[in-house]
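One structure is given here, and the rest of the page talks about it.
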Amino acid sequence: MNSPPNNRLKDFTQGILLIGVLLVLLGIAAIVTAIQAPGFIGFLMSGLFLVAGGARLVYSWQTRAEPGFRLKIGTGLLYLVASYLLFTALLQQYLALSTLLGMILLLQGVLEFAVARQLPPGNTRRWFVAMGVGAMFLGGLLVSSFKITLAWILGLVAALSLILPGGWLIFIASTMQTADAQKSRSR
């Protein structure tokens, strides 16, 4: 028997919160690594996108009855493809790596906007729009070959690509916990 989507989401609140915190911590690690060891950034980003892709796929599967399921799956698969491409691009120059990452981020931004259009107005829609704007802005910076220290911008891109979705998942989990606590008090 299928339960309503909100009840199913509440069952996964702790998992969603854990994934959100993990993504935020990985984003912070990306910034630190970009500053401390720029040569290691490609390998780190590949791993970060692998974890983020897995987290996105798990979240998508848990919310498969919600609007935008296919687009959420597409974003998770995009992260996995990005992980593979970044890992194989380690043998190439940083310029090719930044262009590849920029194009992936532009595509991610488009997918985030598409998911946002399918969601009802509210905080969740705003988070998806913010993630889309951030991804498209950073992707545009990378594709345009703007003269910024490449290791720094790659670390920032990886960090924001993880911190924004992580923050959104933390927000969702805390909102569900607050609603559940208020519901318990009103009984």
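Read left to right, the sequence shown gives residues 740 to 926 (the working numbering).
Note that beta-carbon positions come from the ideal geometry of N, C-alpha and C, so glycine has one too.
Unbroken alpha helix (DSSP H) run spanning residue i, endpoints
{"i": "Thr-827", "result": "808-827"}
{"i": "Ala-869", "result": "862-882"}
Buried versus exposed call for residue i [16 or more other C-beta atoms within 10 Å across all chains shown]
{"i": "Ser-785", "result": "buried"}
{"i": "Ser-742", "result": "Confidence is the limiting factor: at Ser-742 the pLDDT is only 48, short of 50, which leaves the residue's position unreliable, though a coordinate-based value still follows. Counting Cβ neighbours within 10 Å, Ser-742 comes out exposed, since fewer than 16 surround it."}
{"i": "Thr-863", "result": "buried"}
{"i": "Thr-917", "result": "exposed"}
{"i": "Ala-920", "result": "exposed"}
{"i": "Thr-814", "result": "buried"}
{"i": "Gly-894", "result": "buried"}
{"i": "Leu-764", "result": "exposed"}
{"i": "Ser-925", "result": "exposed"}
Of the residues the options, the one placed nearest residue i, counting alpha carbons only
{"i": "Ile-843", "options": "Leu-816, Gln-801, Met-915", "result": "Leu-816"}
{"i": "Met-870", "options": "Leu-858, Leu-880, Leu-850, Thr-914", "result": "Leu-850"}
{"i": "Thr-752", "options": "Gly-894, Gln-801, Ile-770", "result": "Gln-801"}
{"i": "Leu-796", "options": "Gly-754, Ile-767, Gly-848", "result": "Gly-754"}
{"i": "Leu-880", "options": "Gly-841, Leu-903, Val-868, Thr-827", "result": "Gly-841"}
{"i": "Leu-845", "options": "Ala-874, Val-868, Ala-855", "result": "Ala-874"}
{"i": "Leu-858", "options": "Ile-758, Met-915, Lys-811", "result": "Lys-811"}
{"i": "Ile-758", "options": "Ser-837, Ile-911, Phe-808, Gly-807", "result": "Ile-911"}
{"i": "Gly-781", "options": "Arg-809, Leu-764, Ser-837", "result": "Ser-837"}
{"i": "Val-854", "options": "Ala-898, Leu-895, Thr-827, Phe-808", "result": "Phe-808"}
Rounded Cβ spacing between residue i and residue j (contact assumed at less than 8 Å)
{"i": "Leu-819", "j": "Leu-839", "result": "At roughly 15 Å, the Cβ-Cβ gap does not stay under 8 Å, so Leu-819 and Leu-839 are not in contact."}
{"i": "Ala-791", "j": "Leu-762", "result": "6 Å"}
{"i": "Ile-909", "j": "Val-760", "result": "6 Å"}
{"i": "Gly-878", "j": "Gly-906", "result": "Not quite, the Cβ-Cβ distance comes to about 19 Å (not below 8 Å), so this is no contact."}
{"i": "Gly-821", "j": "Phe-788", "result": "The question names Gly, but residue 821 is Ala in the sequence shown. Sure, about 5 Å apart at Cβ, within 8 Å."}
{"i": "Thr-783", "j": "Ala-769", "result": "The sequence shown places Leu at residue 783, rather than the Thr named in the question. That belief holds up - the Cβ atoms of Leu-783 and Ala-769 are roughly 6 Å apart, short of 8 Å."}
{"i": "Leu-901", "j": "Gly-793", "result": "That belief does not hold up - the Cβ atoms of Leu-901 and Gly-793 are roughly 12 Å apart, past 8 Å."}
Residue i in three-state terms, based on DSSP
{"i": "Pro-904", "result": "helix"}
{"i": "Met-740", "result": "Low confidence applies to Met-740: its pLDDT is 43, below 50, so where it sits in the model is not reliable enough to give any reading."}
{"i": "Arg-856", "result": "helix"}
{"i": "Arg-795", "result": "helix"}
{"i": "Ala-803", "result": "Looking at the sequence itself, residue 803 is Arg, so the reference to Ala does not match. Coil."}
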